[in-house]
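Student: If you're matching positions, the sequence shown starts at 271 in the numbering used here and goes up one per residue. In this text, a Cβ means the ideal position worked out from N, Cα and C, and glycines have one as well.
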Amino acid sequence: MRFRPCIDLRGGRVVQIVGGSLRDGDDQAAVVNFQTDRSAADYARLYRADGLTGGHVIALGPGNEAAARSALAAYPGGLHYGGGVTPDNAASYLEAGASHVIVTSYLFHQGRLQEARLAALVAAVGRDRLVLDLSCRKRDGHYYVVTDRWQKFTELRVDEATLATLAASCDEFLVHGVDVEGLRMGIEADLVALLGAKSPRPVTYAGGVRTLADLDAIRDLGGGRVDATIGSALDLFGGQIPYQDVLAWHRRQPA
271 MRFRPCIDLR GGRVVQIVGG SLRDGDDQAA VVNFQTDRSA ADYARLYRAD
321 GLTGGHVIAL GPGNEAAARS ALAAYPGGLH YGGGVTPDNA ASYLEAGASH
371 VIVTSYLFHQ GRLQEARLAA LVAAVGRDRL VLDLSCRKRD GHYYVVTDRW
421 QKFTELRVDE ATLATLAASC DEFLVHGVDV EGLRMGIEAD LVALLGAKSP
471 RPVTYAGGVR TLADLDAIRD LGGGRVDATI GSALDLFGGQ IPYQDVLAWH
521 RRQPA
């Protein structure tokens, strides 16, 4: 298991928000836990110096292109990029320094997975440089992928069959537990256990981490197969968990 760092961008600034609070066309609706004038590239250089790989830069809406590309340039090959990725622009983010591109909403239309769009992305960048974001919310006892700033439920259930099928078209999965994202109220334990037991690809979980004990829980529930990222709870983003403690925890984990 690894700790995977993150850089979330909104309006060109590094932020942390409550995941389910973003709304298209209503920028004031977002609940912001943290924002800073410290550059995205500065965070990327920190992660590079500490040898943390496989983290992600996520652009939350417009106005983030320059900041995102500066972070990718500061840590070539060390970060994934997500936000508005399509077959037409995906290769440009790889050329800018991203090791992988992350995609969610583009793959869906009216709540249904569009296999032709997925195939086009694979053709554009290759399966081994594609991360599928299966961020999800729980409904009727099951987890379903949500899109469009995590406001719209799709018909795609996050389960063994879905993970097995999509694994043929990607290198990794990224999964936010949207109902707890940014709330520092504890992790989605059932989701972590599902990912650990059923994902045939590397998977990173995000959402609800509030203490180092939650990292232990992710490791144990996921059988050591689920990596984790921390946002609002990390002191780099105004939270209570010291980054240096997380780094030390990461370095203690078996390779």
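Inspect the beta-carbon positions of Y345 and Y317 and report whether they are closer than 8 angstroms.
Tutor: yes
Student: Could you pull the start and end residues of the beta strand (DSSP E) that A386 belongs to?
Tutor: That residue, A386, is in no beta strand (DSSP E); its alpha helix (DSSP H) goes 385-395.
Student: Which first and last residues belong to the alpha helix (DSSP H) in which D497 is found?
Tutor: Per DSSP, D497 belongs to no alpha helix (DSSP H); it is in the beta strand (DSSP E), 496-498.
Student: Just the C-alpha distance for H412 and R427, rounded to the nearest angstrom, thanks.
Tutor: A straight line joining the alpha-carbon of H412 with that of R427 spans about 7 angstroms.
Student: Classify M455 as buried or exposed, calling it buried when 16 or more other Cβ atoms lie within 10 Å of its own Cβ.
Tutor: exposed
Student: Beta-carbon within less than 8 angstroms of Q384's beta-carbon, same chain only, minus the 5 sequence neighbours each way: which residues are those?
Tutor: L377, F378
Student: Could you round the C-beta distance between C440 and R407 to whole angstroms and report it? I think they count as a contact, below 8 angstroms.
Tutor: At roughly 21 angstroms, the Cβ-Cβ gap does not stay under 8 angstroms, so C440 and R407 are not in contact.
Student: Can you round the beta-carbon distance between A310 and L279 to whole angstroms, since I take them to be within the 8 angstroms contact cut?
Tutor: Indeed they touch by this definition, with Cβ atoms about 6 angstroms apart.
Student: Once DSSP output is grouped into helix, strand and coil, what is the label at V516?
Tutor: Here V516 sits in helix by DSSP.
Student: Do the CB positions of G447 and M271 come within less than 8 angstroms of each other?
Tutor: no
Student: On the CB-based measure, 16 or more other CB atoms within 10 Å of its CB, does E425 come out buried or exposed?
Tutor: exposed
Student: Sort V355, W519, A525, D497 by Cα distance to C276 and report the nearest one.
Tutor: D497
Student: Using the rule of at least 16 other Cβ atoms within 10 Å of the residue's Cβ for burial, across every protein chain shown, is N334 buried or exposed?
Tutor: The residue in question, N334, is buried, as its Cβ has 16 or more Cβ neighbours within 10 Å.
Student: Is the Cβ-Cβ distance between I511 and L491 less than 8 angstroms?
Tutor: no
Student: Among all the DSSP beta bridges, which residues are the ones paired with F443?
Tutor: L402, V473
Student: By Cβ distance, which residues of its chain are closer than 7 angstroms to L517, with the 5 residues on each side in sequence left out?
Tutor: D320
Student: Using 10 angstroms around the beta-carbon of A503, count the other beta-carbons present and answer buried if the total reaches 16, otherwise exposed.
Tutor: When all chains shown are included, A503 counts as buried.
Student: Express the C-alpha separation of S369 and A314 in angstroms, rounding to a whole number.
Tutor: 13 angstroms
Student: Do V401 and V371 have their CB atoms nearer than 8 angstroms?
Tutor: yes
Student: With 16 other CB atoms within 10 Å as the buried threshold, where does N303 fall?
Tutor: Burial call: buried.
Student: Return the CA-CA distance between L349 and I328, expressed in angstroms with no decimal places.
Tutor: 10 angstroms
Student: From which residue to which residue does the alpha helix (DSSP H) around R318 run?
Tutor: 310-319 is the span of the alpha helix (DSSP H), which, as asked, contains R318.
Student: Between which residues of its own chain and G367 is the CB-CB distance below 6 angstroms, once the five residues before and five after are set aside?
Tutor: L342, A343, P346
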